[in-house]
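Student: Numbering (the UniProt record's numbering), first residue to last: 1 to 281.
C-beta atoms are modelled at their ideal positions from N, C-alpha and C, and glycine is treated no differently.
All figures in this text were calculated on a predicted structure; none of them were measured in a lab.
Take a look at the following structure, please.
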Amino acid sequence: MLSYQHSYHAGNHADVLKHVILGDLVAGMQKKETPLFLLDAFASRGIYDLDSPEALKNREFDTGVGKLWPLRHYKTPEGVARWFALITSENVDGGFVRFPGSTAMLHAMTREFDRLAACDLHPQEFEGLRQSFNSSRRFSLHKRDAFEAIKGLLPPKEKRGLIFLDPSYEVKDEYRDIAKAVTEAHRRFASGVYVIWYPLLPAERHNDLFKELKRSGIRKILRVELDCGGCFPEMQMSGSGLLIVNAPWHAQQAMQESLNWICDHLTEGKGNKHFGWLVPE
């Protein structure tokens, strides 16, 4: 949606879950010394200013990075430590004002023989993306519709890839649109790892996404979900989750450890988590 700007939500509990688990997945896939293609289909601007009027309007970062930041020097799961290290690398003063998004996490993890593409159609978001990162042979920026990009960039020449999809869901049909896009992409690139983020909202439209993917015939869909259990009543979104098609087995333990830690420390025992198969192999 061209009206959506993630700056209003940057650093919240959903971003924590997204970025930590995304890092765990890429690290797991990189255990193989073969080239990897990474696609951030709804990239937004890449790096966010948490001192901006947009971020300060609702201070959603207080539900995520703001709550966890004091714990950065303690022992944490590898995925959480990686996320803390990325934020630290963007902030020389020890704070977290410059908050790296999903593209920044993927960019930081791209090896010299990997390739990353980031897409956004919103003019301001794409300009922010362009200012945050330089295009290169290994990293391309696309002012491009995400659904069109999925069709145009897959299958990749590397034959191994991770596709990250986190639309705004401002239009209720996007739940079905995402399921349709993944189903069609899977037919052309069946070995790809597809990571689909979804919010937990009162209307519970994420169930439409679940139903469509179950009907698709795609197997091996892992569900990783965090429900903050009413810890943040000021937010309509009580939690969020990730559906991961072809989740690599050697990343699953790391993801579960990260999810457990995030749930324990963000919700202080009041939240709920789910880690299991929406559709088994």
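1) Is it right to say Phe113 is buried, meaning 16 or more other beta carbons lie within 10 angstroms of its own, or is it exposed?
2) Do Ser140 and Ala104 have their beta-carbon atoms positioned less than 8 Å apart in this structure?
3) Taking the alpha helix (DSSP H) that Ala118 falls in, what are its first and last residues?
4) Would you kindly report the start and end of the unbroken beta strand (DSSP E) that includes Asp227?
5) Which of the three DSSP states is assigned to Ser240 in this structure?
6) Contact check, Ile163 vs Ala185 under 8 Å by CB: the rounded distance?
7) Restricting to Cα atoms, I'd like to know which of Pro77, Glu170, His206, Lys151 is closest to Arg188.
8) Let me check understanding here. Comparing Cα to Cα, which of Val245, Glu234, Asn260, Lys273 lies closest to Ser12?
9) Between Thr267, Gly276, Cys119, which lies nearest to Arg223 when the distance is taken from Cα to Cα?
10) So for Ile21, helix, strand or coil by DSSP?
11) Counting only the same chain and skipping the five closest in sequence on each side, list residues whose C-beta sits under 6 Å from that of Phe42.
12) Give the single residue among Arg144, Tyr4, Met29 whose Cα lies nearest to the Cα of Gly161.
13) Would the beta-carbon of Ser258 fall within 8 Å of that of Val80?
14) Can Leu213 and Tyr198 be called in contact, C-beta distance under 8 Å?
15) For the beta strand (DSSP E) that Asp49 lies in, which residues bound it at each end?
16) Do Asp227 and Gly269 have their C-beta atoms within less than 8 Å of each other?
17) In chain order, what residues of the same chain have a beta carbon less than 8 Å from the beta carbon of residue 282, not counting five sequence neighbours either side?
18) Write down the C-beta distance between Val195 and Ile244 rounded to the nearest angstrom, noting that I regard them as a contact closer than 8 Å.
19) So, with DSSP's three-state summary, where would you put Val16?
20) Look at the alpha carbon of Gly95 and the alpha carbon of Thr88, and state the distance between them as a whole number of angstroms.
21) Reducing DSSP to helix, strand and coil, say where Gln5 ends up.
22) Just curious, the alpha helix (DSSP H) that Trp261 is in, first and last residue?
23) Just curious, the beta strand (DSSP E) that Ile218 is in, first and last residue?
24) Measuring only the C-alpha atoms, how far is Asp24 from Ser52?
25) Using a 10 Å radius around the Cβ and a threshold of 16 neighbouring Cβ atoms, would you call Lys273 buried or exposed?
26) In the DSSP assignment, what are the bridge partners of Gly192?
Tutor: Answer, in terms of the structure:
1) exposed
2) no
3) First-last for Ala118: 115-119, but that is the beta strand (DSSP E), not the alpha helix (DSSP H).
4) 221-227
5) strand
6) 7 Å
7) Lys151
8) Looking at the sequence shown, residue 12 is not Ser but Asn. For the residues Val245, Glu234, Asn260, Lys273, the minimum Cα distance to Asn12 belongs to Glu234.
9) Gly276
10) helix
11) Ala146, Asp166, Pro167
12) Met29
13) yes
14) no
15) 47-49
16) no
17) Lying before the first or after the last residue shown, residue 282 is absent from the chain, which here runs from 1 to 281.
18) 5 Å
19) helix
20) 7 Å
21) coil
22) 249-267
23) No beta strand (DSSP E) holds Ile218; DSSP gives it neither H nor E.
24) 29 Å
25) buried
26) Paired residue(s): none; Gly192 is not in a bridge.
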